[in-house]
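Chemist:
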Amino acid sequence: MYATIPITSAKTANTDIEIPGVEAIEITKAYKSTGSDGSIAAAYTELTVDAKGDGNASAAGHIRLQADGKKFRVGDDLDASDSIILYYTAEGEAIRA
145 MYATIPITSA
155 KTANTDIEIP
165 GVEAIEITKA
175 YKSTGSDGSI
185 AAAYTELTVD
195 AKGDGNASAA
205 GHIRLQADGK
215 KFRVGDDLDA
225 SDSIILYYTA
235 EGEAIRA
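Convert by adding 144 to the 1-based position in the sequence shown; the result is the number in my numbering.
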């Protein structure tokens with residue numbers, strides 16, 4: 145599954161961000177998308193996924209799913225032009241081998 149989560153106000157690094165209506169088992173891939181404000185070009189960056197657990201993302205450019213599976217932390221400051229794109233396995237989702 146995937147979700148695009150728009151950042152609606154500035155957030156400092158390692159602030160909890162909720163995954164709306166989802167309990168995730170793991171994040172498989174994540175990207176930070178920064179929209180253009182007319183003076184800079186839009187950017188798209190893959191984030192390194194840290195192991196699930198409570199605590200901060202290990203560094204800038206990293207993301208950590210918290211132990212409850214309902215929120216995550218990014219190791220970067222985020223602003224209202226950013227979105228986080230998550231690919232994840234949800235609680236109860238069937239996994240094909």
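Using N, Cα and C, we set each Cβ at its ideal position, and we do this for glycine too.
Do Gly213 and Glu167 have their C-beta atoms within less than 7 Å of each other?
Modeler: Yes, the Cβ-Cβ distance between Gly213 and Glu167 is below 7 Å.
Chemist: Among Lys176, Tyr146, Asn158, Ala147, which has the Cα closest to the Cα of Arg208?
Modeler: Out of Lys176, Tyr146, Asn158, Ala147, Asn158 has the C-alpha closest to the C-alpha of Arg208.
Chemist: For Gly197 and Ala185, I'd like the C-alpha separation in whole angstroms.
Modeler: About 34 Å.
Chemist: In three-state DSSP terms, what is Ser227?
Modeler: It is a strand residue.
Chemist: Should Arg217 and Ala201 be called a contact, given that it needs their Cβ atoms to be closer than 7 Å?
Modeler: Closer than 7 Å, so yes.
Chemist: On the premise that His206 lies in contact with Leu222, defined as a C-beta separation below 8 Å, what is that separation, rounded to the nearest angstrom?
Modeler: Not quite, the Cβ-Cβ distance comes to about 13 Å (not below 8 Å), so this is no contact.
Chemist: If the criterion is Cβ atoms closer than 7 Å, does the pair Pro150 and Ser227 meet it?
Modeler: Contact: yes.
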